[in-house]
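Working notes, structure below.
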Amino acid sequence: MKSAIDITGLGKRYSIRSYEDYSLRTTLQQALKLKFRKRVPFWALRNIDISIPEGEVFGIIGTNGSGKSTLLKILSKIVLPTTGKVELAGKVNSLLEVGTGFHPELTGRENIFLNGAILGLKKSEIRSKFDRIVDFSEVEDFLDTPVKHFSSGMYVRLAFAVAVHLDPDILIVDEVLSVGDLAFQRKCIKKMEEEVLQGRTVLLVTHNMQIVQRLCDRVMLLHRGECMEVGKPKLVVDRYLQNIHSKVDATMEDPDHRRGSGTMRFVSIQVMNHDGLPVKVLPAGSGMNIRLGHKKFSKNTGYAVMHLIFKTMEGQLVSALIYSFQESSRESNTTAGETQCHVPRLPFNVGLYTLDLEIYFNDQLADLVSDAYHFEIIPGAFYHDGNLPGGQFPILIDFTWQ
109 MKSAIDITGL GKRYSIRSYE DYSLRTTLQQ ALKLKFRKRV PFWALRNIDI
159 SIPEGEVFGI IGTNGSGKST LLKILSKIVL PTTGKVELAG KVNSLLEVGT
209 GFHPELTGRE NIFLNGAILG LKKSEIRSKF DRIVDFSEVE DFLDTPVKHF
259 SSGMYVRLAF AVAVHLDPDI LIVDEVLSVG DLAFQRKCIK KMEEEVLQGR
309 TVLLVTHNMQ IVQRLCDRVM LLHRGECMEV GKPKLVVDRY LQNIHSKVDA
359 TMEDPDHRRG SGTMRFVSIQ VMNHDGLPVK VLPAGSGMNI RLGHKKFSKN
409 TGYAVMHLIF KTMEGQLVSA LIYSFQESSR ESNTTAGETQ CHVPRLPFNV
459 GLYTLDLEIY FNDQLADLVS DAYHFEIIPG AFYHDGNLPG GQFPILIDFT
509 WQ
């Protein structure tokens, strides 16, 4: 089968300024913003070799900083590689993060024609596709408004509609399926499936593992800029999630993930669904039970405050649950306790999340465990109609209109 994309020995290196020491002189230089600093090479991508045949949906997964977006930017000719080469067969249309691809001062209508011109289409060809683009995007009422006034959801709706209707040979998509309500996401998935049937090649980056397993023919797992595995979606996704969750087990014993005086420490964490079964994946709107084991290493009576901090995989703080209790003066090292937290309806949108644990004893930080637990939220019935806002909104709020 003919290749749509051939990547050989691809690498991208950046230079990061780094101070060699923390002497008084260096500190003063930092403060004065002097440039006597050593440049340290950082490889965002290294030794990437892959061939993608025509008509394949190829997924790219990995944690933040693994090189996914850098790879897509190189393929989209936004960034030049440091080493290696890329060969692309045909026209390429890229739908990367919100803010790329459209001119903010131009209207939606003008941007449709601009994107078509960039792809080498004649005005008559763009006009023939115009109505389908507008109909798919569902932004007809705002078509003559500058896109700088669009919401992120409207922006991506139009950008996706333009990208898939201008008949590219290769479509590059970065996280677009996390934007928009559930109905529009389903619409996008159906359209992408239709594009593949017409022989389009699709490169897809998303944190939604369900979409990866549904759409992709093959998946590549990136880690720190290197290709760890390429294979069938389920096998690669399982390995990716296993790697994430194995780090959770290690954090309880890893001093690099912990801070605090040690007068109290967390010793275990369990996350269960409403049936009491351990879970790593939960539908949006379902219940969660968190069981924390903790131990006191002080003979003093004390007042303890516990924090459960929810974050996205990007490190964005989402919410915190706080619980305070009195600790007795029983002998240290024999004082083991267990605290449970019940969340009846988890208000998180689709995506990957992590839990940090903190406990304060007598107003001093006793223990902090970073990334103590990872879990995934998949589409669920938080709202009765099943529609969820775009993935850039991590919190779901129950509401009514009158």
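To get our numbering, take the position in the sequence shown, counting from 1, and add 108.
All residues carry an ideal CB built from backbone N, CA and C; glycine is no exception.
With DSSP as the reference, identify every bridge partner of residue i, one or two as the case may be.
i: residue 121; result: 151
i: residue 462; result: 419, 482
i: residue 114; result: 159, 195
i: residue 412; result: 433, 469
i: residue 450; result: 397
i: residue 202; result: 280
i: residue 455; result: Answer is none; residue 455 lacks a bridge partner.
i: residue 350; result: For residue 350, which the question treats as bridged, DSSP gives no partner whatsoever.
i: residue 475; result: 467
i: residue 335; result: 330
i: residue 254; result: 215
i: residue 505; result: Per DSSP, none; premise fails for residue 505.
Could you say which of the options lies nearest to residue i if we only look at CA atoms?
i: residue 112; options: 351, 310, 412, 154; result: 310
i: residue 303; options: 323, 315, 318, 292; result: 323
i: residue 419; options: 413, 392, 405, 463; result: 463
i: residue 169; options: 373, 317, 414; result: 317
i: residue 195; options: 399, 224, 159; result: 159
i: residue 369; options: 468, 480, 339; result: 468
i: residue 298; options: 315, 276, 269; result: 269
i: residue 421; options: 267, 480, 277, 156; result: 480
i: residue 501; options: 386, 345, 259; result: 259
i: residue 403; options: 116, 233, 377, 385; result: 377
Starting from residue i, follow the alpha helix (DSSP H) in both directions and report where the run begins and ends.
i: residue 224; result: 216 to 226
i: residue 233; result: 231 to 245
i: residue 317; result: 317 to 323
i: residue 182; result: 176 to 183
i: residue 428; result: Careful: residue 428 lies outside any alpha helix (DSSP H), inside the beta strand (DSSP E) at 425 to 435.
i: residue 270; result: 260 to 273
Taking the alpha-carbon positions, what's the residue i to residue j distance?
i: residue 460; j: residue 411; result: 33 Å
i: residue 152; j: residue 180; result: 12 Å
i: residue 466; j: residue 483; result: 18 Å
i: residue 508; j: residue 489; result: 16 Å
i: residue 313; j: residue 166; result: 9 Å
i: residue 348; j: residue 388; result: 13 Å
i: residue 251; j: residue 395; result: 41 Å
i: residue 98; j: residue 372; result: Because the chain here runs from 109 to 510, residue 98 falls outside it and cannot be looked at.
i: residue 118; j: residue 198; result: 20 Å
i: residue 400; j: residue 435; result: 15 Å
i: residue 272; j: residue 186; result: 20 Å
i: residue 246; j: residue 505; result: 24 Å
i: residue 213; j: residue 264; result: 16 Å
i: residue 217; j: residue 240; result: 13 Å
i: residue 178; j: residue 171; result: 13 Å
i: residue 219; j: residue 283; result: 21 Å
i: residue 224; j: residue 475; result: 56 Å
i: residue 123; j: residue 192; result: 18 Å
Can you tell me the Cβ-Cβ gap for residue i and residue j, rounded? I've got them flagged as a contact below 8 Å.
i: residue 477; j: residue 366; result: 6 Å
i: residue 280; j: residue 184; result: 6 Å
i: residue 398; j: residue 379; result: 6 Å
i: residue 431; j: residue 447; result: 7 Å
i: residue 227; j: residue 201; result: 6 Å
Between which two residues does the beta strand (DSSP E) containing residue i stretch?
i: residue 330; result: 326 to 331
i: residue 169; result: 165 to 169
i: residue 310; result: 309 to 313
i: residue 387; result: No beta strand (DSSP E) contains residue 387, which DSSP labels as neither H nor E.
At a cut-off of 6 Å, would you count residue i as near the ligand GDP, judging by its Cβ distance to the nearest heavy atom?
i: residue 211; result: With respect to small molecules bound, the structure shown includes none, and the ligand GDP cannot be examined in it.
Any beta-carbon of chain C closer than 7 Å to the one on residue i?
i: residue 381; result: Considering every chain present, this structure includes no chain C. It has just one protein chain.
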